Ligand SMILES: Nc1ncnc2c1ncn2[C@@H]1O[C@H](COP(=O)(O)OP(=O)(O)OP(=O)(O)O)[C@@H](O)[C@H]1O
Ligand SMILES: [Mg+2]
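Numbering (our numbering), first residue to last: 1019 to 1314.
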């Protein structure tokens, strides 16, 4: 067992006000799992990630990480655990702007006297692993967004953490680059890395094995991705949209030749596009859960 959270609560105090960000979260994550955490804005995802990543402590509850109870550790001990066990990737990369890719990746090794010997070689190895072996001397502003995130992932991996945590790692990337980054996570997972990512995007979450959904600081559902009704409904919607798109393409192709009996809602190109877009648009979550049987 890698991670066990029991009855975790987090209360933030802002002036006289108290914000109850987590209201009793139970969560276990085993070695080698790939988990996606989802939930609307403010549901507590980042709060949970910060606790998982030992960046912050819970107000109440137990957290056992690789056999160590970390919930009540002092700041120095917590930093030590963080350095040894955790790799963290952020939406905004958080790279040092004036340092090269190699220097950025070497940074976590500074705190590890054992590993500072050979740090350069280790960092190069991590950059190779994320496909950036050719960019070691580039500074962040000389790299694309996807490459910056790869540097951040290499930095997270350089200490060989038992868990890789990523809070919206594709939030600042276009969809093609997001796919590349998620493919990298899948590769790392295939190599045995335990991974937890936060995402707002159902298609990104679909690459994980398990989806944990938060709502108002509580776990609303925790299922295998293939058994998650919301995800299955999303896949059904995508399949319908793809079929509509294919129908539209067939109609367009045919209308270039002989006229064809066209479905009433698909009269012209412009209207047909609207039809497809409407079908693909997200529907309210949980509006209907009955037709999930045909999901891939
Ligand atoms: N440092 C803080 N001080 C006070 N309140 C906070 C702090 N961080 C988060 N909160 C509050 O805790 C709740 C959960 O915030 P959190 O950042 O965990 O949400 P989230 O699910 O990550 O949202 P998003 O999808 O927008 O990133 C919110 O109501 C937020 O306002
Ligand atoms: Mg967040």
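For glycine and all other residues, C-beta sits at the position ideal for the given N, C-alpha and C.
It should be emphasised that the depicted structure is a prediction, and the values quoted were computed from it without experimental measurement.
Legend entry - Neighbourhood of residue 1222 by C-beta, 8 angstroms cutoff - its chain only, sequence neighbours within 5 removed: Cβ within range, chain order: 1054, 1188, 1196, 1200 and 1215.
Legend entry - Cβ shell of residue 1104 (< 7 angstroms), same chain only, five flanking positions each side left out: 1071, 1072, 1179, 1181 and 1183
Legend entry - Selection from 1256, 1107, 1029 and 1219 that minimises the alpha carbon distance to residue 1167: Considering only alpha carbons, the answer is 1107.
Legend entry - Whether residue 1027 touches residue 1040 by CB criterion (9 angstroms): yes
Inset, instruction - Would you list the residues sitting across from residue 1091 in a DSSP beta bridge? - result: According to DSSP, residue 1091 bridges with nothing at all.
Legend entry - Unbroken stretches of the alpha helix (DSSP H), 4 residues or longer, contained in the stretch 1043-1093: 1063-1070
Inset, instruction - Leaving aside the five residues before and after residue 1051 along the sequence, list all residues of the same chain whose C-beta is less than 7 angstroms from its C-beta, in chain order. - result: 1212, 1227 and 1228
Inset, instruction - Using only the heavy atoms of ligand 1, determine whether one of them is closer than 8 angstroms to the beta carbon of residue 1218. - result: yes
Inset, instruction - Given a cut-off of 9 angstroms, decide if residue 1057 and residue 1231 are closer than it, judged by their beta-carbon atoms. - result: yes
Inset, instruction - Starting from residue 1038, follow its DSSP beta bridges and name the residues at the other end. - result: 1029
Legend entry - Option in 1208, 1115, 1164 and 1100 with minimal Cα separation from residue 1191: Comparing Cα-Cα distances from residue 1191 to each of 1208, 1115, 1164 and 1100, the minimum goes to 1164.
Legend entry - residue 1154 - DSSP class collapsed to helix/strand/coil: coil
Inset, instruction - Return the first residue and the last residue of the alpha helix (DSSP H) that residue 1110 is part of. - result: Taken as a continuous stretch (DSSP letters only), residue 1110 belongs to no alpha helix (DSSP H), as it is neither H nor E.
Legend entry - Test item: CB-CB of residue 1119 and residue 1161 under 9 angstroms: Taking 9 angstroms as the Cβ cut-off, residue 1119 and residue 1161 qualify as a contacting pair.
Inset, instruction - Counting only runs of 4+ residues fully inside the stretch 1142-1195, write out the alpha helix (DSSP H) ranges in chain order. - result: 1163-1175
Legend entry - CB of residue 1036 within 9 angstroms of CB of residue 1030, strictly: yes
Legend entry - Cβ neighbour criterion (16 or more within 10 Å) applied to residue 1235: buried
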